[in-house]
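Please read the structure below before turning to the comments.
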Amino acid sequence: MEGTTDSLRNGRFRHVRRRLFQDDGDNDDQQKFENSENRFSEEMRLQLEQSTKRWNFDFVRGEPQPGRYEWVRLDEHGNEISKSNGTNGIINTREESAEKEENDAKRPFSQISG
Numbered sequence: 001m002e003g004t005t006d007s008l009r010n011g012r013f014r015h016v017r018r019r020l021f022q023d024d025g026d027n028d029d030q031q032k033f034e035n036s037e038n039r040f041s042e043e044m045r046l047q048l049e050q051s052t053k054r055w056n057f058d059f060v061r062g063e064p065q066p067g068r069y070e071w072v073r074l075d076e077h078g079n080e081i082s083k084s085n086g087t088n089g090i091i092n093t094r095e096e097s098a099e100k101e102e103n104d105a106k107r108p109f110s111q112i113s114g
């Protein structure tokens, strides 16, 4: 075991030098911070891209994308918001049919001319 340690000291560690003074142009802490920042930004971008593909939803713009899921906007009560209120083009047919039935019930009967 001692022979291995001696060979390491004599071999590759023989050429190691220490930097005693930092040059004014060197800013290792800033470079490390920027490197970490770049890594996190890249990882965040990759996660966002994967999530967009998986859920067919653009999380940056907050808009659904065409794909296997059908996204519907809901109000605070959990009811679907109709197309006229600005959704992704999906209309709640239950609400429409209920409104139509309600309107039909309010209309008086009219004679059909023929």
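First residue of the sequence shown: 1, per full-length UniProt numbering; consecutive thereafter.
Each residue gets a CB set at the ideal place from its N, CA and C atoms; glycine is no exception.
Kindly indicate which three-state DSSP category E80 falls into: helix, strand or coil? For the purposes of this step, residue 80 is identified with residue 80 of the sequence shown, where counting begins at 1. It is a strand residue.
Report the three-state DSSP secondary structure of residue 119 (helix, strand or coil). Coverage of the chain is limited to positions 1 through 114, which leaves residue 119 absent and any answer about it impossible.
Just to confirm before moving on: does the CB-CB distance between D58 and Q65 stay below 8 Å? Within the sequence shown, numbered from 1, the residue matching residue 58 stands at position 58. Within the sequence shown, numbered from 1, the residue matching residue 65 stands at position 65. Yes, these two residues count as a Cβ contact at 8 Å.
Measuring straight from C-alpha to C-alpha, what distance separates D75 and Q47?
Numbered from its first residue, the sequence shown carries residue 75 at position 75. Numbered from its first residue, the sequence shown carries residue 47 at position 47. Computed Cα separation, rounded: 28 Å.
**Message:** Would R45 and N56 qualify as a contact pair, given that the criterion is a beta-carbon distance under 8 Å?
**Reply:** Taking the first residue of the sequence shown as 1, we reach residue 45 at position 45. Taking the first residue of the sequence shown as 1, we reach residue 56 at position 56. No; because the gap between Cβ atoms is not below 8 Å, this pair is not in contact.
Kindly indicate which three-state DSSP category L46 falls into: helix, strand or coil?
-> Sequence index remark: in the sequence shown, residue 46 carries index 46 (1-based). Here L46 sits in helix by DSSP.
**Q.** Chain-order list of residues whose beta-carbon lies under 8 Å from that of R18 (same chain, five-residue window excluded)
**A.** To locate residue 18, count along the sequence shown from 1; it is residue 18. Counting only Cβ-Cβ distances below 8 Å, and skipping sequence neighbours, we find nothing.
Given a cut-off of 8 Å on the beta-carbon distance, is the pair E80 and V72 in contact?
As a working mapping, residue 80 is identified with position 80 in the sequence shown. As a working mapping, residue 72 is identified with position 72 in the sequence shown. Their beta carbons are under 8 Å apart, which means E80 touches V72 by this criterion.
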